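The structure appears right after this line, and notes come after that.
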Amino acid sequence: MEALNSPVQLDEWMSTLKEMNTSSTSGPSGISYSIIKHLPDIAHNTIINFINLSVQIGIVPSQWRLSTICPIPKPEGFNYDLNNIRPIALLDNIRKCATKLLNNRLSNILKQHNILRGLNFYGLKGEDTTVPLKKAYDSMPLASLRKALERIDISNNVIDWIVDLFDKILIRVITDFGLMDYAHAGDGIDQGDALSPLLWWIFYDPLLVALDSNSHRGYELQIKWPTDISRQH
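Residue numbers (UniProt numbering): 1 to 233.
Next comes the structure, spelled out in structure tokens:
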């Protein structure tokens, strides 16, 4: 896990920028990927130094905790039911570049050393899942996420940095009538962050490993069939 703490270099930063979708909507800052990509090297190095310092002290800037929620209808349609809405978080694009870079580093380490062993196939390149969970990201308490990150020996400053990304988030929602006022979000991680799928896997891995290692754990479904199936009147 030492590679997570190594300072970001210009070539790694530029390589990460190439992976970002230029057509993506900007977050609250309004700074697009196109603007970031066309900055001179001196500006890129300033951003890199800022990110390195942020990770080193385990604190993210308050502006990175601002999120604009874009409600996207699920395939079954809205039908005035909020359960049929997928809330996509529009985040600061420099933050998203930083978390994408960290996600690439962490994903490579986890896959190379086979650290996550639970029967979960979600969050790493080349893996997929066929069973979706409702409210998966909303159901992740940050205190439990911290323990899951400690379990795989991530350094304290990186854990602090990751948890700080999702702590005391301020959100506002895009509506037909304009932007709502900012409100505090509860526990959970952002749907629009590159790190979120991988964090979800890390979070659930202890449970999946425990269930897989002991056949007596888990649950059983039992059905009691009636002996008399004649209709009663």
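We put the beta carbon where it would ideally sit given N, CA and C, even for glycine.
For clarity, every value in this text was computed on a predicted model and none was experimentally measured.
With distances taken from CA atoms, which of the options is nearest residue i?
| i | options | result |
| --- | --- | --- |
| residue 242 | Val209, Leu179 and Ser213 | Since the first residue of the chain shown is 1 and the last is 233, residue 242 is not available in this structure. |
| Ile159 | Leu106, Asn83, Lys18 and Phe50 | Leu106 |
| Tyr204 | Ile152, Ile174 and Ile59 | Ile152 |
| Asp92 | Lys18, Gln222 and Thr68 | Thr68 |
| Ile57 | Ala43, Asp164, Ala210 and Trp64 | Asp164 |
| residue 271 | Ile154, Ser15, Leu66 and Leu4 | Outside the shown range of the chain, which is 1 to 233, sits residue 271, and nothing can be said about it. |
| Thr175 | Ile109, Leu145, Ile72 and Ala98 | Ile72 |
| Ile42 | Pro28, Ser29, Met14 and Asn21 | Met14 |
| Ser29 | Leu39, Leu110 and Arg95 | Arg95 |
| Asn157 | Lys18, Leu53, Glu19 and Glu12 | Leu53 |
| Leu102 | Glu12, Lys18, Gln222 and Leu208 | Glu12 |
| Pro206 | Asp228, Gln222 and Lys147 | Lys147 |
Determine, using beta carbons only, whether residue i and residue j come nearer to each other than 8 Å.
| i | j | result |
| --- | --- | --- |
| Tyr182 | Ile171 | yes |
| Leu149 | Ile162 | yes |
| Ala194 | Lys100 | yes |
| Met1 | Ser155 | yes |
| Asn104 | Thr22 | no |
Here's a check: name, in chain order, each residue in its chain whose Cβ is nearer than 8 Å to the Cβ of residue i, leaving out the five neighbours to either side.
| i | result |
| --- | --- |
| Gln191 | Arg86, Pro87, Ile88, Ala89 and Tyr137 |
| Met140 | Asp187, Gly188, Ile189, Leu199, Trp200 and Phe203 |
| Ile31 | Asp92, Asn93 and Ile94 |
| Gln222 | none |
Sorted by chain position, which residues of the same chain lie with C-beta nearer than 7 Å to residue i's C-beta, five sequence neighbours on each side aside?
| i | result |
| --- | --- |
| Ser24 | Tyr33 |
| Ala98 | Ile51 |
| Leu142 | Val163, Phe166, Asp167 and Asp187 |
Which of the three DSSP states, helix, strand or coil, is assigned to residue i?
| i | result |
| --- | --- |
| Ser15 | helix |
| Ala183 | strand |
| Val131 | With a pLDDT of only 48 at Val131, under the threshold of 50, the placement of this residue in the model should not be trusted; the figure read from the coordinates follows. Here Val131 sits in coil by DSSP. |
| Arg146 | helix |
| Gly123 | Only weak support exists for where Gly123 lies, its pLDDT of 49 falling under 50; the coordinates are left without a value. |
| Arg172 | strand |
| Gly67 | Looking at the sequence provided, one finds Ser at residue 67 rather than Gly. Residue state, collapsed to three classes: strand. |
| Ala89 | strand |
| Pro61 | coil |
| Pro73 | strand |
| Thr227 | coil |
Return the chain-ordered list of same chain residues with a C-beta closer than 6 Å to the C-beta of residue i, the five sequence neighbours on each side being excluded.
| i | result |
| --- | --- |
| Lys74 | Asn84 and Arg86 |
| Leu110 | Leu116 |
| Lys37 | Leu17 |
| Trp64 | Asp92 and Arg95 |
| Leu145 | Phe203 |
* **Sufficient close CB pairs (3 or more, under 8 Å) joining the segment 44-64 to the segment 8-28** => Segments in contact, yes.
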